[in-house]
Every structure is written in structure tokens, then in C-alpha cells.
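Count along the sequence shown from 1, then add 90; that gives the number in my numbering. Using N, Cα and C, we set each Cβ at its ideal position, and we do this for glycine too. A quick note: this is a predicted structure, and the numbers were derived from the prediction, not measured.
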Amino acid sequence: MGKLDSYEYHKRPDLVSFDDINYSNLKQVEDARKSMLREQWIKVSELKIAHEAVRKCRQYHHDDASRNCKSLILKYLKMLESYPIQGYQGYQKNDPSK
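Below is the structure:
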């Protein structure tokens with residue numbers, strides 16, 4: 091197993107906020123866009139995993155699913171409410187700092 095196969099050698103890209111950049115510098119704008127899209131992609135992946143867990147739980151428990159899967163369903167619904175996916179253009183147009 092080489093260094094590339096291990097997670098401990100993975101370097102996560104820096105988070106760049108639209109609040110901390112100079113909009114006239116296109117490199118900073120591009121980095122902020124990539125950072126926001128990456129984080130939103132991660133949230134979408136989390137939603138997919140939670141949805142799949144709810145589906146499998148309901149499939150396994152059949153009639154008792156409403157009782158046995160309640161915690162998963164509530165967690166999934168909470169994630170849906172708190173994970174608004176808007177893309178970077180929606181944020182840039184409504185940038186609170188400008």
C-alpha cells in the first residue's frame with residue numbers, strides 16, 4: 091500500500107468564502123466558487139446516503155417501519171430543511187457583504 095492509498099495523506103482543499111475575497115481577482119472568485127460547490131456536493135451526498143438508509147430500513151421492517159425507522163426519517167427530514175442547495179450564483183447575486 092502506497093502513500094496515495096491511505097486517507098491520512100489526503101489533503102483537503104482550503105475553504106474559501108465569498109466574504110473574504112476580492113471580486114476583482116478572478117482566481118479568488120474561482121476558488122470561492124469551487125469551494126462552495128464542493129461543500130454543496132458533499133451535502134447532497136450526505137442526503138443521498140440518508141435517503142438510502144431510510145429506504146433500506148423501510149424495506150427491511152415493512153409494517154413496523156414507521157416505528158422502527160422513525161429516528162432515521164426525522165434525521166433525514168431535518169437534513170432536508172437545513173441543507174439548501176443554491177449554487178454559487180445564487181449566493182453571489184445575494185451576497186450579504188455587498
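For Val134, the uninterrupted alpha helix (DSSP H) run begins and ends at 116-151, by DSSP.
Counting along the chain, no alpha helix (DSSP H) covers Glu98, and no H or E run does either.
Close CB contacts of Pro103 within its chain, under the 8 Å cut and outside five residues either way in sequence, are with Lys124, Ser125, Arg128 (chain order).
In this structure, DSSP gives Tyr113 a state outside helix and strand, which the three-state scheme calls coil. Asp154 carries a helical assignment under DSSP once its states are collapsed to helix, strand and coil.
DSSP places Ile163 in the uninterrupted alpha helix (DSSP H) bounded by 160-172.
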